[in-house]
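Let me begin by presenting the structure, written as structure tokens, before commenting on it.
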Amino acid sequence: MVRQREKGSTKGLQMLLFSGNKSRMGDAGGQEPVVFTVGYQGRDVPGLVRLLAENGVALLVDVREKPYSRKVEFNRRALSGALAAAGIEYAWMGDRLGGFTCSREGWLAGCAVVAQWAKSKSLALMCFERSVKACHRQKLAEILVQEHGIGIVDL
771 MVRQREKGST KGLQMLLFSG NKSRMGDAGG QEPVVFTVGY QGRDVPGLVR
821 LLAENGVALL VDVREKPYSR KVEFNRRALS GALAAAGIEY AWMGDRLGGF
871 TCSREGWLAG CAVVAQWAKS KSLALMCFER SVKACHRQKL AEILVQEHGI
921 GIVDL
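Take any residue in the sequence shown, note its place counting from 1, add 770, and you have its number in my numbering.
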């Protein structure tokens, strides 16, 4: 299950189910760690940075297999610089959490790292697709929920 931000509200949450495991999801304001997911499709970097900052994200984890884009502002170097200027850390994990050639074992190992990080800081998984349902972030989120009890909020 993923929770999706309500339109027009940066903090309000609307539930969006994509796994049947309701019991593993806690309230985003509760004690369990929460990981955000975000797609940059249709956004610009200032808008993405603002969205992350409004939601208290301290670390953006780039899960694109190749951290490059036709929109050059989203290339790894440019994006990490824009995030650093806003006080948000950047980590590329596409080698473990990318969508096309990474194995389930790689995803499990990468999600274990993300789960550890989520215990100490607010973070977001980022890929291109705006809709989590159209992206491999959905599968990563399912692993985080089922294997680590992490709450998921889609921005």
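Ideal placement from N, C-alpha and C gives every residue a C-beta, glycine not left out.
Candidates the options: closest to residue i by CA position
i	options	result
ILE858	ILE920, ALA823, LYS909 and ALA888	ALA823
SER890	ARG834, TYR810, GLY817 and GLY826	GLY826
MET896	GLU802, PRO803 and VAL815	VAL815
Residue i to residue j span [Cα, whole Å]
i	j	result
LEU893	ARG840	25 Å
ARG907	SER873	14 Å
ARG900	THR807	10 Å
GLY921	TRP887	13 Å
Limits of the unbroken beta strand (DSSP E) element including residue i
i	result
ALA828	No beta strand (DSSP E) contains ALA828, which DSSP labels as neither H nor E.
Delimiting residues of the alpha helix (DSSP H) encompassing residue i
i	result
ILE913	907-918
ALA865	One point to set straight first is that residue 865 is Asp, not Ala, in the sequence displayed. That run of the alpha helix (DSSP H) goes 864-867.
VAL883	874-888
SER850	846-855
Residues that DSSP places opposite residue i in a beta bridge
i	result
LEU893	VAL805 and LEU829
ILE921	First, the amino acid is wrong: residue 921 is Gly here, not Ile. VAL804.
Expected contact under 8 Å - CB spacing of residue i and residue j to nearest Å
i	j	result
SER850	TYR860	4 Å
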